[in-house]
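In the numbering used here, the protein residues as written are 831 to 952. Using N, Cα and C, we set each Cβ at its ideal position, and we do this for glycine too.
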């Protein structure tokens, strides 16, 4: 496929980009920073909603260069199989006299902050 044809296939390109970026371990924020593409523009690219061909081409060239991929590599890209994830469920039925250590309280607070940030950005 030729680079000039990608704009017409931007929904498919968006899907392939999402998979590739995720599989390479980037978050939207880290990829945006590394590629020097604003977060809103990256979101438009990843959702197939960018409507300016010139902007699409310019940003896609940056992305392909950063990922060290050709157009064909991108279009033939298949997402890596999902890793099996073991879920752990915690309950609040700990013994009444149980109290978290200060270190555990700090870590729990940090975890809640990370979850809040994820809710904002994803």
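Between residue 892 and residue 865, the beta carbon gap of about 5 Å places them in contact (Cβ cut-off 8 Å).
The residue among 841, 834, 848 with its C-alpha nearest the C-alpha of residue 908 is 848.
Rounded to the nearest angstrom, the gap between the Cα atoms of residue 897 and residue 949 is 27 Å.
By the C-beta density criterion, residue 945 is exposed, having fewer than 16 other C-beta atoms within 10 angstroms. Positions of the beta strand (DSSP E) runs, each at least 3 residues long and wholly inside the region 841-878, cannot be given because no such run exists.
Only residues of its own chain outside the window of five on either side were considered, and among them 894 have a CB closer than 8 Å to the CB of residue 900, listed in chain order.
The Cβ atoms of residue 872 and residue 862 lie closer than 8 Å to each other. Contact annotation: residue 869 and residue 859 have beta-carbon atoms nearer than 8 Å. Around the CB of residue 846, 16 or more other CB atoms lie within 10 Å, so the residue is classed as buried. Contact check for residue 878 and residue 844: beta-carbon distance about 4 Å, within the 8 Å limit, so the pair qualifies.
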